[in-house]
Amino acid sequence: MKILSIETSCDDSGIAITENLRVIASAKWTNVEKHNEFRGVVPHEAKRQHNEFLPKILEYLKQQIDFPLSEIDYIAVTYGPGLAIALEAGIQFAKKLSLELDKPVIAINHMVGHIYANLVQDANGNPLSELATLEFPVLVLTISGGHTQLVLMKDHLEFEIIGTTLDDAAGEAYDKVGRMLGMGFPAGPDLEAAAQKGNDIYEFPRPMLKNKQTLDFSFSGLKTAVLYKVKELVGKYNKDPKKKEIKIVSEGESLTEQQINDLAASFQSALIDSIISKVDLATIQYQPKLIVVGGGVIANQTLRIKLEEIAKKYLVKLSYPIPLYLCTDNPDMIAAAAYFYIKQKEHNKNINKYIFTPENLNDLDRDPSVNLDNF
Ligand code: KG4
Ligand code: ZN
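In the numbering used here, the protein residues as written are 1 to 375.
Written out as C-alpha cells, the structure reads:
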C-alpha cells in the first residue's frame with residue numbers, strides 16, 4: 001500500500017512517500033532563522049511557508065521515486081491538533097492532490113503520528129527504532145511542545161488518557177525557560193547542551209511529585225521558580241505588590257555562562273524528575289508490556305537514560321524513536337499512523353469517519369484542539 005503523507009501542524013512543511021511502513025522518499029522544510037527572529041512560531045509565517053514549500057517538496061520527491069504519483073493508494077494529512085491556519089494549508093494541498101489523482105484522503109491525528117513514529121522503517125524495510133510491533137497494553141508518554149500526556153493503549157488506535165499536564169507542556173516549559181536564559185527557538189536542544197555543562201545546584205520544585213493520587217503533570221510553577229532565580233541572580237528582582245507579578249528583565253544577558261548552565265541543569269533535573277515519577281507510578285498501576293514515547297522532548301538524552309532506568313526496574317520494554325528527526329515533527333510518522341488507520345479500519349469502524357473520497361472532501365476539516373481520546 002503506497003501512501004503520500006503531508007504534515008503541516010506547526011512550522012515544519014513535510015511530505016513523505018511510503019510503502020506500508022517503509023519510507024521510500026521524504027523531505028521537510030523548516031525556517032529556523034525566521035522563528036529565531038520572532039522567538040517563536042508565527043502562524044501566518046508558517047502558513048506562507050507551507051504554501052510556498054509543499055509544491056516544491058512534492059516536485060523534489062517526484063524525482064526521488066521510480067513510479068508515477070498515480071500509483072499512490074492514499075493521501076494522508078494531519079488535521080489536528082496544531083495551528084489552525086498551518087493545518088489548513090496542508091489540508092488544502094491534500095484536497096487538491098486528491099482531486100488531481102482521484103485518491104482518498106485520510107485525516108490523521110498528529111499525536112497518533114508521534115506514537116507510531118516508533119514503527120517507521122527505513123528504505124529497506126528495517127525498523128529505525130528497534131520496535132517491529134506494539135505489544136499491548138502499551139503505556140504511552142507523549143511529550144512535545146504542545147502535549148505532555150500519559151495514555152493507555154489496549155489495542156491499535158485505542159487511546160485512554162490517564163494523565164495530562166494541567167498547564168504548560170514539557171517542551172513549552174523548555175522553550176520558555178530557554179527564552180529566559182537568552183536562547184533561540186525552539187530552546188530544547190540548546191538548553192539540554194547547557195544542562196550537560198552545568199550542575200544541579202538550584203533547588204527547584206518538583207511539581208506533583210509527591211502526589212501519588214494523580215498521573216497529571218504541572219510545569220508552570222517550576223517555570224516561575226526559574227524566573228525568580230534568574231532575577232535574583234541578575235539583581236533585578238522586581239515584584240509589583242499590587243499585581244503580584246514579576247517583570248521580565250534582561251533575558252539572560254546579565255547571567256554568567258556558568259549560571260546559565262547551572263540554571264539549565266537544575267531546571268532539567270526538576271522537570272525530568274516530575275515526568276519520571278509519573279511514568280513510574282503509571283507503570284505500577286497499569287502493568288504495561290511496553291512503554292512507548294513520542295514527541296520532540298524525547299530527543300533529550302537525559303530523559304532517554306532515565307526512562308531506560310524505569311524500563312529496567314520494572315522489566316518492561318521501552319521504545320522511543322531513535323533518530324532525532326523522528327522525535328520532532330516529521331511526515332514519516334503521519335505515514336506510519338496512516339498505515340495503521342487503513343489496516344485497522346475493518347476492526348475499528350470508527351476509523352471510517354477519517355477517510356474521505358474525492359466526492360466528500362468538503363467534509364474534511366481541521367480540528368486544532370482535537371484530543372487523543374476523541375477516537
Ligand atoms: O514534537 P515537536 O517537534 O512539536 C510539537 O508537536 O510540539 O516538539 C517540539 C518541542 C519543542 O518544545 C522543543 O524545545 C522540544 O520539543 N525539544 C526538546 C529537545 N529537542 C526538541 N526538549 C528537550 N530536549 C531536547 N533535546
Ligand atoms: Zn509534534
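Just so you know, even glycine gets a beta-carbon here, dropped at the ideal spot from N, CA and C.
It should be emphasised that the depicted structure is a prediction, and the values quoted were computed from it without experimental measurement.
Measuring alpha carbon to alpha carbon, tell me which residue in Lys103, Lys278, Ile310 is nearest Asn360.
That would be Lys103, whose Cα lies nearest to the Cα of Asn360.
Cβ-Cβ separation, Tyr339 to Ile3 (assumed contact under 8 angstroms), whole Å
Contact check for Ile3 and Tyr339: beta-carbon distance about 7 angstroms, within the 8 angstroms limit, so the pair qualifies.
Cutoff 8 angstroms; reference Leu255; Cβ partners in own chain excluding five residues on either side
Excluding positions up to five away in sequence, the list reads Leu181, Gly182, Val230, Leu233, Val234, Leu263.
At a threshold of 6 angstroms, does Gly14 count as lining the ligand KG4 (C-beta to nearest heavy atom)?
No, the ligand KG4 has no heavy atom inside 6 angstroms of this Cβ.
Could you tell me how far apart the beta carbons of Leu150 and Lys278 are, in whole angstroms, since I believe they sit closer than 8 angstroms?
Yes, they are in contact, since the Cβ atoms of Leu150 and Lys278 sit about 6 angstroms apart, within 8 angstroms.
Answer yes if the stretch 1-17 comes into contact with the stretch 314-327, meaning at least three C-beta pairs across the two stretches below 8 angstroms, and no otherwise.
Result no; under three Cβ-Cβ pairs closer than 8 angstroms.
Using only the alpha-carbon positions, how far apart do Gln92 and Leu54 sit?
So the alpha carbons of these two residues sit roughly 11 angstroms apart.
So Val297 packs on Lys223, CB below 8 angstroms; how close in whole Å?
In fact, because the Cβ distance is near 15 angstroms, the residues do not count as touching under 8 angstroms.
If I measure Cβ to Cβ from Asn31 and keep anything under 8 angstroms in the same chain, skipping five residues before and after, which residues do I get?
Sequence-distant Cβ neighbours of Asn31 in its own chain, meaning closer than 8 angstroms and more than five residues away, are Asp11, Glu45, Gln49.
Kindly give me the distance between the Cβ atoms of Phe204 and Ala225, rounded to whole angstroms, as I take these residues to be in contact under 8 angstroms.
Indeed, because the Cβ distance is near 5 angstroms, the residues count as touching under 8 angstroms.
Check whether the stretch 207-218 and the stretch 268-278 are in contact - that is, three or more C-beta pairs closer than 8 angstroms.
Verdict: yes, contact present.
For the alpha helix (DSSP H) containing Leu303, name the first residue and the last one.
Per DSSP, Leu303 belongs to the alpha helix (DSSP H) from 301-314.
Which value, in whole angstroms, describes the spacing of the CA atoms of Asn397 and Phe136?
Not covered by the structure: residue 397. The range shown for the chain is 1 to 375.
Measure from the alpha carbon of Leu131 to the alpha carbon of each residue in Leu141, Ile106, Val120, then state which is nearest.
The candidate whose alpha carbon is nearest that of Leu131 is Val120.
Suppose the cutoff is 8 angstroms on Cβ atoms and the five residues either side in sequence are ignored; what does the same chain contact list for Ala311 look like?
Apart from sequence neighbours up to five positions away, the residues of its chain that approach Ala311 with a beta-carbon distance below 8 angstroms are Ile291, Lys317, Leu318, ordered along the chain.
How long is the line joining the alpha carbons of Ile379 and Ala94, rounded to whole angstroms?
Residue 379 is absent from the structure shown; the chain starts at 1 and stops at 375.
What I want to know is whether the C-beta of Gly113 ends up closer than 6 angstroms to one or more non-hydrogen atoms of the ligand KG4.
Short note on Gly113: C-beta not closer than 6 angstroms to any heavy atom of the ligand KG4.
Taking Cβ to Cβ, would you say His114 is nearer than 7 angstroms to Gly294?
A contact, by the Cβ cut-off of 7 angstroms.
Is the beta carbon of Tyr202 closer than 7 angstroms to that of Ser98?
For Ser98 and Tyr202, no; Cβs fall outside 7 angstroms.
Taking only the alpha-carbon atoms, compute the straight-line gap between Gly252 and Ala195 and give it to the nearest angstrom.
The predicted position of Gly252 is uncertain, since its pLDDT is 49 and thus under 50; no value can be drawn from it.
How should Thr133 be labelled, buried or exposed, when 16 other C-beta atoms within 10 angstroms of its C-beta is the threshold for buried?
Under this definition Thr133 is an exposed residue.
Any chance you could list the alpha helix (DSSP H) runs of at least 4 consecutive residues sitting entirely within the stretch 34-81, in chain order?
Complete alpha helix (DSSP H) runs here, min 4: 43-64.
Should Gly80 and Asp367 be called a contact, given that it needs their Cβ atoms to be closer than 7 angstroms?
Yes, Cβ-Cβ distance for Gly80 and Asp367 is below 7 angstroms.
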